[in-house]
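Protein chains: 2
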Amino acid sequence: MIYVVFVEPETPGNIGFLARTMKNFGLYQMVLINPCPLENDSYYKAMHAREIVSNRQEYDSLAEFLKIKEIDFAVGTTGNAGGSYNLPRIAVTPDNLAQSLNVNGDIALIMGREGDGLTNKELELCDVVVSIPTHDAYPVLNVTHAAAIIFYELFKTEKTYPVEDLDEASLTEKQGLIECMDEVLDHLDYPAHKKKNASTVFRRVLGRAFISGREAHTLRGMFRRIKERVE
Amino acid sequence: MIYVVFVEPETPGNIGFLARTMKNFGLYQMVLINPCPLENDSYYKAMHAREIVSNRQEYDSLAEFLKIKEIDFAVGTTGNAGGSYNLPRIAVTPDNLAQSLNVNGDIALIMGREGDGLTNKELELCDVVVSIPTHDAYPVLNVTHAAAIIFYELFKTEKTYPVEDLDEASLTEKQGLIECMDEVLDHLDYPAHKKKNASTVFRRVLGRAFISGREAHTLRGMFRRIKERVE
Numbered sequence: 034m035i036y037v038v039f040v041e042p043e044t045p046g047n048i049g050f051l052a053r054t055m056k057n058f059g060l061y062q063m064v065l066i067n068p069c070p071l072e073n074d075s076y077y078k079a080m081h082a083r084e085i086v087s088n089r090q091e092y093d094s095l096a097e098f099l100k101i102k103e104i105d106f107a108v109g110t111t112g113n114a115g116g117s118y119n120l121p122r123i124a125v126t127p128d129n130l131a132q133s134l135n136v137n138g139d140i141a142l143i144m145g146r147e148g149d150g151l152t153n154k155e156l157e158l159c160d161v162v163v164s165i166p167t168h169d170a171y172p173v174l175n176v177t178h179a180a181a182i183i184f185y186e187l188f189k190t191e192k193t194y195p196v197e198d199l200d201e202a203s204l205t206e207k208q209g210l211i212e213c214m215d216e217v218l219d220h221l222d223y224p225a226h227k228k229k230n231a232s233t234v235f236r237r238v239l240g241r242a243f244i245s246g247r248e249a250h251t252l253r254g255m256f257r258r259i260k261e262r263v264e
Numbered sequence: 034m035i036y037v038v039f040v041e042p043e044t045p046g047n048i049g050f051l052a053r054t055m056k057n058f059g060l061y062q063m064v065l066i067n068p069c070p071l072e073n074d075s076y077y078k079a080m081h082a083r084e085i086v087s088n089r090q091e092y093d094s095l096a097e098f099l100k101i102k103e104i105d106f107a108v109g110t111t112g113n114a115g116g117s118y119n120l121p122r123i124a125v126t127p128d129n130l131a132q133s134l135n136v137n138g139d140i141a142l143i144m145g146r147e148g149d150g151l152t153n154k155e156l157e158l159c160d161v162v163v164s165i166p167t168h169d170a171y172p173v174l175n176v177t178h179a180a181a182i183i184f185y186e187l188f189k190t191e192k193t194y195p196v197e198d199l200d201e202a203s204l205t206e207k208q209g210l211i212e213c214m215d216e217v218l219d220h221l222d223y224p225a226h227k228k229k230n231a232s233t234v235f236r237r238v239l240g241r242a243f244i245s246g247r248e249a250h251t252l253r254g255m256f257r258r259i260k261e262r263v264e
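Protein chains in written order, with the numbering used here: chain E, 34 to 264; chain Y, 34 to 264.
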């Protein structure tokens, strides 16, 4: 079980934003530590994730929550990674975390206050601290945007090609398309080296583009029509 | 130069959230297309990135902006990646984009409306479409959270700073190649909807493949020869 813990939220709307981004990435259990009073905006900003706000748990302190729930692995977050001399704030990146996190057991992903983040004392309760690489000009992310990035990295490592089962063209489909173009070139009275170049470029472009079966079909239809005309 | 384009924002605060997350990841030029009236909240939510809101540019339509600024590479975003049968919505993931994006030239990262995202017509203006992998239970992210994730991926791979000098085909070269293919199609007695599909697929394949100037030249030579034969 992964708990998402928001320590002392100050803005009701941010509770909703956090709930929404949790559901976007398959997380459901929200824990609020000593929160501001919830308002309509907490539910409104959650959009289609209102049930996450309704089903939240509340505790008085982070230490209390970690103890009562017997959390196996506590992940703190900070926008203020301290460098090597500030031990509680030595941090890993979100992709380091995603690669190494063992999701067996109970995990807490702990987000800090909007203004001040987590305290050193709270970070000392954590097994690891994660910090998002940012530009020096403005290193402090809004808390729910930081959460979205961390959730995204964790979600991403669970799946290999996650955008809607995109049906990449099979080798046969791509080969068929390339042959179709080669046949057109054969009818063009095109110098051999130019023909070879064009064929190579076309193959490479298809390879880099991760062309789908449907797209290969569309382009093949076009080349077939061209072939009829140049034969 | 990377432009961040927000098409028809409806909520003043989201303009501020977008500005903040831009600055967090080293992006500075905001473009608003036909926005709602800005309010104090647009500046308040930007926190220490107010100057990005003040320095925004505004245009009436996405097409107008892309044309006037002579954008070399337009990146659309969608929370509704269409699967293989919806050509304008076939998408890559943010890390695919980050790995392949050539940051020489002018790039537009285009975010959609809060409610409805970008239309098919707007997505057809784009060279590549990116979609964030999400959980099926609630696949639609808040627009500024989606933006943060994409900016983060680009920043992580150092793409918000120009690094190397790959010779990607210029807009004119790509446009010339696409027009060349369209002219061939015009001579083919090809049904209009098939012609449009083939044209969209071809543009997208070129976009996703990050075709070089040399490759564009080679393919254009081929289409020119085909054209001579089918005329």
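Where is the CB? At the ideal position from N, CA and C, for every residue including glycine. Remember, it's a predicted structure, so these values are computed and weren't measured experimentally.
For Ala225 of chain E and chain Y, any beta-carbon pair shorter than 9 Å? Along the first sequence, one-based indexing puts residue 225 of chain E at 192. Closer than 9 Å: no.
In the structure shown, what three-state DSSP assignment does Arg146 of chain Y receive? For this step, residue 146 of chain Y is matched to residue 113 along the second sequence. Strand at Arg146 of chain Y.
Endpoints, the beta strand (DSSP E) within which Leu65 of chain E is located: Working through the first sequence from its first residue, we reach residue 65 of chain E at position 32. Residues 62–66.
Locate the beta strand (DSSP E) running through Ile35 of chain Y, then write down its first and last residues. As a working mapping, residue 35 of chain Y is identified with position 2 in the second sequence. Segment 35–40, the beta strand (DSSP E) holding Ile35 of chain Y.
Euclidean distance between Cα positions of Ser203 of chain Y and Glu191 of chain Y: By 1-based counting over the second sequence, the position of residue 203 of chain Y is 170. By 1-based counting over the second sequence, the position of residue 191 of chain Y is 158. Annotation: Ser203 of chain Y to Glu191 of chain Y spans about 21 Å, alpha carbon to alpha carbon.
Is the beta carbon of Ser164 of chain Y closer than 9 Å to that of Val125 of chain Y? Taking the first residue of the second sequence as position 1, residue 125 of chain Y is located at position 92. Taking the first residue of the second sequence as position 1, residue 164 of chain Y is located at position 131. The answer is yes: Cβ separation under 9 Å.
Cutoff 7 Å; reference Gly49 of chain Y; Cβ partners in own chain excluding five residues on either side: Along the second sequence, one-based indexing puts residue 49 of chain Y at 16. Only Asp74, Ser75, Tyr76, Tyr77, Lys78, Ala79, Val86 meet the Cβ criterion.
Sequence-distant residues of its chain with Cβ nearer than 8 Å to Ser117 of chain E (five each side left out): The sequence position of residue 117 of chain E within the first sequence is 84, counting from 1. At Ser117 of chain E, the pLDDT of 48 sits below 50, so the modelled position is not reliable; the number obtained from the coordinates is stated separately. Same-chain partners within the cutoff: Ile123.
CB of Asn129 of chain E within 9 Å of CB of Thr251 of chain Y, strictly: As a first step, residue 129 of chain E is located in the first sequence; it is residue number 96 there, counting from the start. As a first step, residue 251 of chain Y is located in the second sequence; it is residue number 218 there, counting from the start. For Asn129 of chain E and Thr251 of chain Y, no; Cβs fall outside 9 Å.
Would you mind working out which of E:Ile140, E:Gln132, E:Gly112 sits nearest Leu187 of chain E, comparing C-alpha positions? Here residue 187 of chain E corresponds to residue number 154 of the first sequence, with the count starting at 1. Ranking E:Ile140, E:Gln132, E:Gly112 by Cα distance to Leu187 of chain E puts E:Gln132 first.
For Gln132 of chain E, the residue or residues it bridges with in DSSP: Locating residue 132 of chain E in the first sequence gives position 99, where the first residue counts as 1. Answer is none; Gln132 of chain E lacks a bridge partner.
I want to see whether chain E comes within less than 9 Å of Leu134 of chain Y, judged by CB atoms only; does it? If you number the second sequence from 1, residue 134 of chain Y lands on position 101. Output row for Leu134 of chain Y: interface = no.
Short of 6 Å in beta carbon distance, which residues of its chain neighbour Leu65 of chain Y, apart from the five on each side in sequence? Order them along the chain. Taking the first residue of the second sequence as 1, we reach residue 65 of chain Y at position 32. If the five residues before and after Leu65 of chain Y are omitted, its C-beta is found closer than 6 Å to the C-beta atoms of Phe39, Arg89, Glu91, all from its own chain and listed in chain order.
Of the choices Y:Met34, Y:Leu60, Y:Gly46, whose alpha-carbon is the least far from that of Ala181 of chain Y? Position 148 of the second sequence, counted from the start, is the residue given in the question as residue 181 of chain Y. It is Y:Leu60 whose Cα lies nearest to the Cα of Ala181 of chain Y.
Per-residue DSSP class, three states only, for Val263 of chain Y: Locating residue 263 of chain Y in the second sequence gives position 230, counting from the first residue. Here Val263 of chain Y sits in helix by DSSP.
Every unbroken alpha helix (DSSP H) within the region 62–109 of chain E, with a cutoff of 4 residues, ordered by chain: 73–77, 83–87, 95–101
Against Lys189 of chain E, what residues of chain Y qualify as contacts under a CB-to-CB distance less than 7 Å, listed in chain order? Here the question's residue 189 of chain E lines up with position 156 in the first sequence. Within 7 Å Cβ-Cβ: Pro166.
Could you spell out the range, first to last residue, of the alpha helix (DSSP H) harbouring Val176 of chain Y? For the purposes of this step, residue 176 of chain Y is taken as the residue at position 143 of the second sequence. Here the alpha helix (DSSP H) through Val176 of chain Y covers 176–189.
Excluding five sequence neighbours on each side, which residues of the same chain lie with their C-beta closer than 8 Å to the C-beta of Arg262 of chain Y? The residue given as residue 262 of chain Y occupies position 229 in the second sequence. Counting only Cβ-Cβ distances below 8 Å, and skipping sequence neighbours, we find nothing.
Starting from Val217 of chain E, trace the alpha helix (DSSP H) both ways and give me its first and last residue. Within the first sequence, the letter at position 184 stands for residue 217 of chain E. From DSSP, the alpha helix (DSSP H) with Val217 of chain E extends over 204–219.
Check whether chain Y comes within 9 Å of Val176 of chain E, counting only Cβ atoms and requiring the distance to be less than that. Taking the first residue of the first sequence as 1, we reach residue 176 of chain E at position 143. Closer than 9 Å: no.
Helix or strand or just coil, what does DSSP make of Ile48 of chain Y? One-based indexing of the second sequence puts residue 48 of chain Y at position 15. Helix at Ile48 of chain Y.
With respect to the alpha helix (DSSP H) encompassing Glu157 of chain E, which residues constitute its N-terminal and C-terminal limits? What you label residue 157 of chain E is simply residue 124 of the first sequence in a count that begins at 1. Note, Glu157 of chain E: alpha helix (DSSP H), 153–157.
Between which residues of its own chain and Ile259 of chain Y is the CB-CB distance below 7 Å, once the five residues before and five after are set aside? Numbered from 1 along the second sequence, position 226 holds the residue referred to as residue 259 of chain Y. Cβ within range, chain order: Val217.
Below 7 Å CB to CB, which residues in the same chain sit around Gly150 of chain E once its five sequence neighbours on both sides are set aside? On the first sequence, residue 150 of chain E is found 117 positions in, with the first residue counted as 1. Same-chain partners within the cutoff: Thr111, Gly112, Asn113.
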